[in-house]
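For reference, the structure discussed in these notes is given below.
Chains as they are written, first to last, in the numbering used here: chain D, 2 to 373; chain Z, 2 to 373; chain Y, 2 to 373; chain A, 2 to 373.
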């Protein structure tokens with residue numbers, strides 16, 4: 002599939018979720034016979050869903066709620082919750098900002114320093130609810146804050162940036178040595194985004210338990226316009242699933258989880274991410290649509306408030322249902338935003354699959370959207 | 002045409018009706034010399050048209066009307082007509098519902114139990130008009146209701162679901178054994194939707210007289226957004242036509258009819274479905290546009306009122322003409338919604354073909370819509 | 002480039018003018034050094050432009066005007082001008098009709114019988130102005146009216162229908178034997194539309210001087226929605242140009258002109274039609290945009306008023322300039338609708354070509370529209 | 002990648018910037034470690050940015066400002082600044098013109114003769130500010146005006162037209178002999194647009210220091226509609242980069258700079274142009290968006306006011322920031338229009354590259370826009 006763009010350049014065709022669809026097999030099943038269980042390291046989940054570490058998606062409360070509903074909420078430890086004692090009024094203010102001013106005001110709000118004591122407090126709150134605890138740092142802050150985080154007690158440590166590589170080169174400071182860091186840490190680490198086979202393979206070799214596939218924040222991201230970078234998700238997930246397979250062989254049996262992070266906005270997208278080989282999905286906008294989401298009808302990622310180069314937007318989202326209804330229904334709309342897990346079960350049943358690992362083998366067709 | 006989506010996944014390019022068009026040959030004919038006759042089992046029809054078992058399309062009255070006009074109306078035996086004595090007021094109510102509330106109210110209306118006596122009554126009404134009688138059940142209800150249906154006297158028995166497979170797997174109940182069921186039954190069975198070569202071939206081996214090709218309800222369906230499943234119809238019909246050819250050989254001469262069900266909205270789509278190898282088409286939205294259609298300017302499928310996971314919409318449709326004019330003209334609009342059969346004849350004549358079986362060999366080009 | 006649509010069907014990818022563009026060569030020229038001359042049979046023209054036989058484009062007056070400007074106007078001898086003594090008021094009425102009613106009223110207007118004396122009168126009017134005289138009939142009417150037409154004195158006889166084949170099959174009447182007809186006739190015949198290599202080759206073998214490439218009326222046509230037929234023009238012109246080349250060899254030197262008829266709406270489209278191998282273009286909507294065009298700001302083709310199966314629309318068009326300015330400028334808009342010939346000269350000069358025959362060899366790229 | 006368009010024509014698939022994106026490698030860097038330095042001949046620049054010779058972009062003042070900010074402003078020596086003593090009021094008038102009248106009025110304004118003394122004056126003004134001086138002529142005017150220009154003292158001489166070839170053929174006047182002209186001149190010459198490998202190779206052989214890649218003015222151009230010519234920029238840059246490589250070998254080491262000119266509207270486009278092999282970019286609309294740009298919220302190219310065949314538009318542009326902020330931020334919008342150089346650095350850092358020459362090797366994917 003190599004394409005000649007011109008005399009001096011070749012490229013590969015890459016595919017987005019909108020470019021593909023899954024097709025039924027010759028077998029069908031009952032939705033009740035389908036399992037959506039997922040586990041990573043020692044942690045078991047009913048559903049392959051992580052809540053994205055974005056302030057519009059995951060607060061301590063929604064991390065707890067998502068945990069009780071069978072998923073894993075990941076708190077952004079560099080968000081408003083670790084910068085302010087009580088971010089509720091700020092979240093309300095963000096939801097009130099006129100369109101043209103939102104980025105500038107968010108740049109201000111997020112310039113407040115992170116407070117280690119708030120990191121401890123927020124994680125303790127989640128832990129006390131009895132659910133699996135997960136928090137996220139950027140690679141830039143990991144060195145500075147990880148001891149606080151570990152001491153506060155996370156079960157799953159997430160290192161998440163637009164792009165995280167195993168080989169960061171810096172002339173100004175000693176970069177984070179991911180391999181040593183992960184080796185020294187007691188808790189499983191999920192790290193990303195990675196967008197290519199090679200980048201993911203190198204991340205797997207650092208000892209990570211899971212790799213986030215993606216680049217930036219999907220619906221709310223403008224990296225293609227700003228940076229010229231774009232990672233069509235269907236191809237990226239399939240490439241990283243290829244790295245998982247090769248690393249499994251190379252390592253003599255270490256299975257590193259592939260987590261699609263970006264571009265997963267509807268139940269149809271969840272189906273496609275898993276079909277391309279993902280073990281789980283990290284949801285942003287899909288959960289920001291909950292009536293009880295902290296974003297109050299808005300959604301944004303960390304790129305949106307970068308001090309000098311914002312690469313994302315605050316977008317308005319519909320709020321059709323509560324978090325529980327978004328995951329488990331019942332739905333009274335039919336657009337893939339509600340009853341995500343019911344839709345996943347129905348899709349797996351209709352196409353004849355009974356568990357997520359099997360479902361990764363489902364047949365896929367290329368068919369650009371908006372036809373038929 | 003296999004495409005590498007990424008390291009761990011390959012896919013086939015699939016085509017929708019909008020992606021293709023037929024082209025003239027070197028010969029032309031008079032429209033009067035063209036035959037659109039179709040027969041299945043012992044039943045003869047002037048036109049290769051089935052009315053879809055959807056409450057917005059087929060009532061006992063429109064089944065009779067379509068029969069008299071040369072086609073075959075299929076009544077949904079799990080629709081409003083077998084749940085309520087007089088559904089007219091409910092159909093009127095559905096047509097009055099505000100957009101945001103239509104799914105929720107339909108979920109209520111369709112939770113009323115099915116009455117076997119109404120099944121008998123509706124079918125008897127159609128039979129008494131002297132036209133071919135056809136009724137449709139889902140696989141889930143077939144076991145429960147088929148004896149009523151057969152006793153009531155259907156000429157053609159339709160088993161229709163989003164996806165119907167010859168190998169349904171269930172841990173909770175004994176699934177319908179299609180092969181035994183069809184073998185035991187005296188009436189010809191049309192079964193589907195099937196979307197792939199293999200699924201269709203297995204359905205053909207059950208003894209079905211016809212296979213419905215498609216998945217969900219075309220214009221009113223949102224399965225791509227909700228389930229991630231999409232069956233581009235041009236490819237699906239051509240694949241199932243391939244299964245027909247191979248099964249004809251394997252069975253020593255049994256010809257199973259291929260019926261395109263979904264995505265056939267205009268006369269142009271009918272032409273393309275037949276060109277891809279269909280023997281007939283099952284029309285939904287195309288007939289819901291009749292001024293005398295039961296949907297009263299709206300159209301919806303059974304997926305739209307699923308209790309917990311609706312995967313369709315109630316859509317508003319234009320009503321340019323009566324059922325008779327929709328089929329036979331004259332037309333005073335030029336958008337492929339009126340005089341469907343006149344357009345089919347003209348298309349066959351212009352491209353030089355004289356009957357439907359020949360027309361399946363017509364040359365086709367790939368040319369995405371909205372250009373030229 | 003054969004594509005598998007599904008198991009039982011293959012297709013070719015076909016291209017529209019919008020899918021392609023021409024690219025400069027290594028040479029440039031002065032626009033003044035470029036010739037746009039075209040000749041067919043004994044007739045010489047400054048520009049490779051025929052006015053389409055459509056009532057919104059060609060009246061006796063505009064046929065004369067176009068002739069004086071260097072092109073060839075073709076009068077529709079089955080249009081309003083041969084049905085009514087004074088069609089001016091009817092053209093004005095059509096331009097006033099509300100959108101929803103235009104087709105129905107045009108169906109009425111065009112049901113008036115054709116008057117042979119008006120055929121004579123209109124052609125005599127054009128002849129008396131001293132320009133080349135061309136009139137058009139459909140194949141269905143040719144038998145009935147050609148003697149009138151020839152007696153009235155046409156220089157170029159055009160037989161034009163949606164699709165015209167050399168092998169029309171009819172059980173009701175003896176079809177026109179094109180080969181015999183053309184052989185017996187003294188005047189050169191241009192015949193079409195033809196859309197494929199084979200159909201065109203057969204038309205060339207009838208002795209035609211030129212072949213119209215296309216199917217239906219471009220901008221105003223809805224044949225894809227109604228008949229499922231679509232002829233992407235770039236591919237169609239290149240295929241028929243291939244037939245011209247092969248027939249030149251087979252016939253020992255007869256050069257049959259290839260005239261693109263349909264989809265040629267802007268100066269850019271003219272450039273592309275010639276680049277694909279056309280010798281000339283037949284313009285519809287491009288000339289209907291003239292302030293002095295008979296359509297008075299509207300455009301429609303004969304398909305639009307078919308009695309039972311209209312397959313076209315009356316479309317509203319901008320009127321940026323007079324016929325002379327549309328052809329030769331100066332332009333004060335920059336959208337390809339004005340100064341068509343100036344643009345053609347500039348395009349040929351910029352890409353380094355000096356005459357139309359050479360220009361057919363220009364390099365072309367595939368690049369779907371709406372990008373860059 | 003050759004495609005058969007039809008029997009008599011083949012074409013190559015060509016790609017626009019919107020069709021492609023760059024993807025991260027396995028390495029990441031700090032933005033501070035990235036160099037965006039560019040040099041041509043003896044001139045060094047901090048950033049690979051030329052201001053396009055268009056009146057909406059480059060005035061003497063903005064040429065100076067851009068020079069001080071590290072780039073190279075190129076003054077159009079056939080624009081308003083060399084036709085009028087004080088064009089400020091005319092620029093204000095253009096910004097006030099109603100849409101329908103802008104082309105006609107610009108045709109008038111630009112018919113004023115060029116004054117050699119104004120050429121001298123404008124260049125002297127730029128020189129006196131201590132920045133690199135560059136001015137642009139069309140090939141048609143070069144003979145007439147170059148001595149004035151050289152005497153006035155330019156550091157870099159730009160010859161720019163829609164298409165400039167090394168072999169212009171004219172029957173009316175002796176065309177500019179580029180090779181002799183450049184050989185005789187003391188200053189480095191940048192020449193273009195060129196759109197193909199062959200055209201660029203021939204321009205390189207004339208001794209040019211740089212070649213402009215493109216055809217017409219990108220955002221403000223309508224050459225595809227008017228002339229049928231279109232140069233998808235990704236392919237064009239890669240083709241000309243191929244010519245640079247081959248000419249480097251053929252000439253024994255002369256490195257001719259490749260400058261993308263057209264279609265570079267956002268920071269993402271800059272990234273892609275460099276990724277395809279460009280050494281620098283010439284920016285039009287991207288700089289016309291500055292609050293201090295001479296276009297005052299409008300943008301147009303020389304094609305827009307062609308006397309008889311305008312092939313461009315005056316387009317309205319947002320003005321989100323000053324020239325300095327457009328280049329270096331901080332940005333408070335996230336659409337690729339502000340902090341162009343910050344975005345370039347971030348993109349290079351994120352994908353692991355440290356200088357522009359290396360960055361030309363970055364991996365690229367084909368992924369049509371508007372998906373994901």
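Glycine residues also receive a C-beta, built at the ideal position from the N, C-alpha and C atoms.
| Query | Result |
| --- | --- |
| Rounding to the nearest angstrom, what Cα-Cα distance links residue 295(Y) and residue 129(Y) in this structure? | 20 Å |
| Taking 7 Å as the threshold (beta carbon to beta carbon), is residue 121(Y) in contact with chain Z? | no |
| Specify the secondary structure class of residue 290(A) as computed by DSSP and reduced to three states. | coil |
| Could you name the residues of the stretch 235 to 254 of chain Y whose beta carbon sits closer than 9 Å to any beta carbon of chain A, in the order they occur along the chain? | 235, 236, 237, 238, 239, 240, 241, 242, 243, 244, 245, 246, 247 |
| Just checking, does the stretch 182 to 189 of chain A make contact with the stretch 222 to 239 of chain A on the three C-beta pairs under 8 Å criterion? | no |
| Taking 7 Å as the CB-CB limit, is residue 277(D) close to chain Z? | yes |
| Buried or exposed: residue 304(D), going by 16 or more other Cβ atoms within 10 Å of its Cβ? | buried |
| Check whether the stretch 37 to 52 of chain Z and the stretch 278 to 287 of chain Z touch, using three or more Cβ-Cβ pairs below 8 Å as the test. | yes |
| Return the first residue and the last residue of the beta strand (DSSP E) that residue 214(D) is part of. | 211 to 214 |
| Where does residue 40(D) fall in DSSP's three states? | strand |
| If residue 192(A) sits next to residue 177(A), beta carbons under 8 Å apart, how far is it from one beta carbon to the other, in whole angstroms? | Not confirmed; about 10 Å, so no contact. |
| Locate the alpha helix (DSSP H) running through residue 120(A), then write down its first and last residues. | 117 to 129 |
| Quick check: the stretch 134 to 153 of chain Z against the stretch 5 to 22 of chain D, are there 3 or more CB pairs under 8 Å? | no |
| Do we get a CB-CB distance below 7 Å when we pair residue 166(D) with the residues of chain A? | yes |
| Classify residue 315(D): buried if its beta carbon has 16 or more other beta carbons within 10 angstroms, exposed otherwise. | buried |
| Can you tell me which of 117(D), 141(D), 154(D), 56(D) puts its alpha carbon nearest to the alpha carbon of residue 110(D)? | 56(D) |
| If you compare alpha carbons, which of 346(Y), 277(Y), 298(Y) is closest to residue 363(Y)? | 277(Y) |
| Among 255(A), 142(A), 40(A), 173(A), which has the Cα closest to the Cα of residue 78(A)? | 142(A) |
| Quick check on residue 336(D): does DSSP put it in helix, strand or coil? | coil |
| Quick check on the DSSP output: what are the complete alpha helix (DSSP H) runs of length 4 or more inside the stretch 215 to 274 of chain Y, in order along the chain? | 224 to 228, 234 to 251 |
| Is there at least one Cβ from chain D nearer than 7 Å to residue 273(Z)'s Cβ? | no |
| Let's see if you can read the secondary structure: which residues bound the beta strand (DSSP E) around residue 158(A)? | 157 to 161 |
| Flag this pair as yes or no: are the beta carbons of residue 202(A) and residue 268(A) separated by less than 7 Å? | no |
| What residues in its chain sit with their C-beta under 8 Å from that of residue 82(A), if we drop five residues either side in the sequence? | 56, 60, 61, 76, 88, 119, 123 |
| What residues in its chain sit with their C-beta under 6 Å from that of residue 80(Y), if we drop five residues either side in the sequence? | 56 |
| State the DSSP-derived secondary structure class of residue 59(A), mapped to helix, strand or coil. | coil |
| Determine which residues of the stretch 19 to 36 of chain Z have a Cβ less than 8 Å from any Cβ of chain Y, and write them out in chain order. | 21, 22, 23, 24, 25, 26, 27, 28, 29, 30, 31, 33, 34 |
| Tell whether a beta-carbon distance below 7 Å holds between residue 247(Y) and residue 18(Y). | no |
| Who are the Cβ neighbours of residue 237(D) in its own chain at under 7 Å, not counting the five residues just before and after it? | 196, 214, 215 |
| If distances are taken between C-alpha atoms only, which option among 140(Z), 155(Z), 144(Z) comes closest to residue 126(Z)? | 155(Z) |
| Within the 7 Å Cβ cut-off, does residue 5(Y) reach chain Z? | yes |
| Looking at the structure shown, is residue 312(Y) part of a helix, part of a strand, or coil, going by DSSP? | coil |
| State the DSSP-derived secondary structure class of residue 164(Y), mapped to helix, strand or coil. | coil |
| For the beta strand (DSSP E) containing residue 48(Z), list its first residue and its last residue. | No beta strand (DSSP E) contains residue 48(Z), which DSSP labels as neither H nor E. |
| The beta strand (DSSP E) with residue 98(Y) in it runs from where to where? | That residue, residue 98(Y), is in no beta strand (DSSP E); it is neither H nor E in DSSP. |
| So which of 262(D), 160(D), 170(D), 175(D) has the shortest CA-CA distance to residue 208(D)? | 160(D) |
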